[in-house]
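Residue numbers (my numbering), protein chains in the order written: chain A, 564 to 805; chain B, 555 to 840.
The C-beta atom is built at its ideal place from N, Cα and C for all residues, glycine as well.
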Amino acid sequence: MNTWKQAFKLATFELKQSKINLIFSLVITLFLLGYLRKSLPEYVENGFLGFDLFFMILFSFATAMPKPKAFQIQNIQPNFIVSPILLMQKHLPIKEEVLIKSRFIIHFIYTFPFQVIAIVGLLYLATFPAHFSIDSMIAFAILWLSFSFYVGFIFPASDTGDKGFLATTAGLFIIGILTVGIGSILFTLFHAITGHGFVYWSIIAADKWPLFTSIASIIAAYSGYHFWKNYMKRNMNKIDYI
Amino acid sequence: MQSLLNITHLQKKIDDFQLGPINLTIESGTITALVGNNGSGKSTLLKMIMNLVKPDQGNIKLLDQFVHGPGEDWKQSVAYQPQTIIGWDAFNGKQLKELISPLYPNWSEELFENMVHLFDIPLNKKFSKLSQGMQQKLNLALTIPRNAPLLILDEPTSFMDIPSKKLLIDVLVDWMDQGEHAILIASHQVEDIKKLSDYLFVLHDGEMIGNYEKEALTESYKRFWLKDTVLPSSKIPGEIVRYNQQLISNQPDVTQQFLQEQGIQWTDHSAVELEEIISLLLTPNI
């Protein structure tokens, strides 16, 4: 059996326990889709940070948030954070490659179908520039679905765990504050310098250079997948699961 | 006998705690009890065997394959029951069996069913809803039937009731008779150690005290009941400890000869209980 097949089988074991949670993921998708659809014309016109933020959250991890608590990364020791199910599976004769791929599959199932619903819904329902062609729409979809690989896959990658101060409650709080703080500064600076937000420029890129945007996004997604996969391998061979 | 596990010069430092150097060989057909004080590094050692903790130095070979090497085939040769069970809460016994049993080619469905029946384990109840004792029983029912050459148990009976402990000992003894297996069991339960083990591997605060053959160890300790005489203030050959007119020696022949030469009389000498021997081994500064 190849490793993807084994990983899928392993992921199914966890996903069977997540049926209701996947319904919550759909609810989050529809809620964010409603907000984004309504806000898009105003965002394109005036630009505001909240739109970019919600858009990026939707295309990275928002729909994975309702995952059952038992499967979420958590503190096993005061300074050790890890996914409990990954730790359990590490006790079993499951190849590392299979473990890693199964984490990706689970995140993918929690996010990708909902992101497809969101992007299709947005392209269908929201008011995009009148000259936005089918090619541009496809490029825009590829750009943001790829984003969910190279940014969103940080979440399955973090399942492999972390140790030390940054894995403590205080450390995680500081990371949270820094992420929000630095993120807000970067978003504000980007808006201030370019006059618009990330999503606006992604619409422009998809509109003007659909082929280039699509190819660059697919390369980024491919590279992102391999980057996080190697990160997980390295991390699993570095951390003491004690 | 086939050597299943070979540990050589193994060392690990975690903060201020130093484990090792440790050397240990486990052969098939033997049961080794891993004995030590709290925090002596027993669980850490077992996790190093499972490649959950990386050593600073030394090697662990399971059936001639390096555990910390790139190969992962060795994992099918070992069944590990951790002391703390993490990640099982969302599942019931049936679901866990569906996950675990296909991973082991020698899985014994018959043994699993026997253990479920014997311990009266509810397979449809979520793991998180079971009592700690029942969780331990389910964990054992999902570990022993893996029929791996090496079975590693970390405090398997700490929450179990007395009848269940006895049943488990019977299960393990039967299991040992059915193939080329070995067990490495970390335990504070003297009854488990007495009834099960062939060898005692003793750790104290991370330091390896020794790997002893149980029968030889119990035979090597003797308690002398001395007559009311004044004993020399210096240590008597073989002496481990003395309380009033009692003296415990781990070289009874040498002690006996010394006492005879010095004209010190004793009224009786007797065997020392394994529990006391372990206590003495784990109190190295007496």
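Chain B residues whose Cβ lies nearer than 9 Å to that of residue i
i, result
"PHE634 (chain A)", "GLY641, ALA644"
"GLN580 (chain A)", "ALA644, PHE645, GLN649"
"PRO719 (chain A)", "None at all; the shortest Cβ gap to chain B is about 16 Å."
"PHE576 (chain A)", "PHE645, GLN649, GLU652, LEU653"
"PRO738 (chain A)", "Looking at the sequence itself, residue 738 (chain A) is Ile, so the reference to Pro does not match. Those within 9 Å of ILE738 (chain A) in chain B number zero; the least Cβ separation is about 23 Å."
Burial state of residue i, where buried means 16 or more other Cβ atoms lie within 10 Å
i, result
"HIS670 (chain A)", "buried"
"VAL830 (chain A)", "This structure gives no information on residue 830 (chain A), because the portion of chain A shown stretches from 564 to 805."
"VAL863 (chain A)", "The structure shown has nothing for residue 863 (chain A), since chain A only spans 564 to 805."
"PRO717 (chain B)", "exposed"
"GLU815 (chain B)", "exposed"
"PRO692 (chain A)", "exposed"
"PRO806 (chain B)", "buried"
"TYR673 (chain A)", "buried"
"LYS596 (chain B)", "buried"
"LEU752 (chain A)", "exposed"
"GLN686 (chain B)", "exposed"
"PRO647 (chain A)", "buried"
"ALA702 (chain B)", "buried"
"ASN798 (chain B)", "exposed"
"PHE594 (chain A)", "exposed"
"ASP570 (chain B)", "exposed"
"ALA695 (chain B)", "buried"
"GLY758 (chain A)", "exposed"
"GLU793 (chain B)", "buried"
"GLU734 (chain B)", "exposed"
"SER780 (chain A)", "buried"
"GLN811 (chain B)", "exposed"
"ILE831 (chain B)", "buried"
"ALA770 (chain B)", "exposed"
Chain-ordered neighbours of residue i on chain A, where CB pairs are closer than 7 Å
i, result
"MET604 (chain B)", "HIS654"
"THR584 (chain B)", "Chain A residues near THR584 (chain B): none, gap ~23 Å exceeds 7 Å."
Expected contact under 8 Å - CB spacing of residue i and residue j to nearest Å
i, j, result
"SER765 (chain A)", "LEU706 (chain A)", "5 Å"
"GLN637 (chain B)", "ASP708 (chain B)", "4 Å"
"GLN637 (chain A)", "ILE644 (chain A)", "7 Å"
"GLY760 (chain A)", "GLY610 (chain A)", "5 Å"
"ILE790 (chain B)", "LEU801 (chain B)", "7 Å"
"ALA702 (chain A)", "LEU686 (chain A)", "Wrong, their Cβ atoms sit about 11 Å apart, outside the cutoff."
"SER699 (chain A)", "PRO773 (chain A)", "5 Å"
"SER581 (chain A)", "LYS653 (chain A)", "Not quite, the Cβ-Cβ distance comes to about 20 Å (not below 8 Å), so this is no contact."
"PHE618 (chain A)", "VAL762 (chain A)", "5 Å"
"MET669 (chain B)", "VAL607 (chain B)", "Contact flag wrong, Cβ pair sits at about 29 Å."
"LEU559 (chain B)", "LEU757 (chain B)", "Going by Cβ atoms, the distance from LEU559 (chain B) to LEU757 (chain B) rounds to 16 Å, so no, they are not a contact pair."
"LEU599 (chain A)", "ALA689 (chain A)", "7 Å"
"TYR753 (chain B)", "ASN765 (chain B)", "6 Å"
"ASP643 (chain B)", "PHE681 (chain B)", "5 Å"
"PHE622 (chain A)", "PHE736 (chain A)", "Contact flag wrong, Cβ pair sits at about 25 Å."
"VAL826 (chain B)", "ARG796 (chain B)", "In fact, because the Cβ distance is near 13 Å, the residues do not count as touching under 8 Å."
"GLY641 (chain B)", "LEU603 (chain A)", "Not quite, the Cβ-Cβ distance comes to about 42 Å (not below 8 Å), so this is no contact."
"MET795 (chain A)", "THR742 (chain A)", "Contact flag wrong, Cβ pair sits at about 20 Å."
"PHE666 (chain B)", "LYS651 (chain B)", "7 Å"
Chain-ordered chain B contacts of residue i [CB-CB under 7 Å]
i, result
"MET651 (chain A)", "ILE640, GLY641, TRP642"
"ILE644 (chain A)", "Here the premise fails: no neighbours, minimum Cβ distance about 12 Å."
"PHE728 (chain A)", "What PHE728 (chain A) touches in chain B: nothing, since even the nearest Cβ is about 13 Å away."
"PRO647 (chain A)", "ILE640, GLY641"
Per-residue contacts from residue i into chain B (C-beta, under 8 Å)
i, result
"PRO631 (chain A)", "ALA644"
"ILE639 (chain A)", "ILE640"
Cross-chain neighbours of residue i in chain A, by beta carbon under 8 Å
i, result
"SER607 (chain B)", "Note on residue identity: the sequence assigns Val, not Ser, to residue 607 (chain B). The answer, in chain order, is ASP803, TYR804, ILE805."
"LYS748 (chain B)", "Under the 8 Å cutoff, chain A gives no residues; its nearest Cβ is about 28 Å from LYS748 (chain B)."
Interface residues of chain A facing residue i [CB-CB closer than 9 Å]
i, result
"ILE654 (chain B)", "LEU655"
"LEU657 (chain B)", "LEU655, PRO656, ILE657"
"LYS601 (chain B)", "ASP803, TYR804, ILE805"
"THR598 (chain B)", "ASP803, ILE805"
4-residue-minimum alpha helix (DSSP H) runs that sit fully inside the segment 601-638 of chain A, ordered along the chain: 612-621
Interface residues of the segment 659-691 of chain A facing chain B [CB-CB below 8 Å]: GLU659
Entirely enclosed beta strand (DSSP E) segments - the segment 626-711 of chain B, minimum 3 residues: 632-635, 704-708
Whole runs of the alpha helix (DSSP H) within the segment 575-624 of chain B, excluding any shorter than 4 residues: 596-603
Proximal residues, the segment 611-639 of chain B versus chain A, C-beta separation under 7 Å: GLU626, LYS629, GLN630, TYR634, PRO636
Segments assigned beta strand (DSSP E), at least 3 residues, entirely inside the segment 692-727 of chain A: none
Alpha helix (DSSP H) runs contained entirely in the segment 766-806 of chain B, provided each spans 4 or more residues: 768-774
Segments of 4+ residues assigned as alpha helix (DSSP H) that fall wholly inside the segment 725-783 of chain A: 732-757, 761-771
Segments assigned beta strand (DSSP E), at least 3 residues, entirely inside the segment 641-694 of chain A: 643-645
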